Amino acid sequence: MKSLNLTYKGSLGKTHLLKLNYVKDDLSKEEIAQQMKALAKSNLFAKDGERLYDKPIAAKYVTTTEEVVLDKDNFAAQA
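Quick note, the sequence shown lines up with residues 89 to 167 if you use this note's numbering.
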């Protein structure tokens, strides 16, 4: 699975990660930067008096692969 991880600095100086799954994987740097800035400007996300996504810091695509060790068929055979 491929996700887009967006890193922001909160209004209190803490770092926050917004992980988006099922995103287009051909977005340009400019498109991502523009949307990150728009999200920061919207002030939609806050917790305990902190604006969580106040200043865009970085963005990266992350690809996750799964390796099945045991599945339901393995457990059924062992029972």
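Ideal placement from N, C-alpha and C gives every residue a C-beta, glycine not left out.
Bear in mind the structure is a predicted one, so any value in this text is a computation, not a measurement.
Same chain, Cβ closer than 6 Å to residue i, five either side skipped, listed in chain order
i	result
residue 99	138, 139, 142
residue 95	105, 145, 146
residue 133	140, 141
Helix, strand or coil at residue i according to DSSP, with G and I counted as helix
i	result
residue 102	coil
residue 116	coil
residue 93	strand
residue 132	coil
residue 108	strand
Cβ pair residue i, residue j closer than 9 Å
i	j	result
residue 112	residue 91	no
Whole-angstrom C-beta distance between residue j and residue i, which should lie under 8 Å
i	j	result
residue 148	residue 93	5 Å
residue 124	residue 109	About 17 Å separates the two Cβ atoms, so there is no contact after all.
Cβ shell of residue i (< 7 Å), same chain only, five flanking positions each side left out
i	result
residue 97	103, 142, 143, 145
residue 128	96, 141, 142, 143, 144
Own chain, CB closer than 8 Å to residue i, minus 5 neighbours either side, in chain order
i	result
residue 121	144, 147
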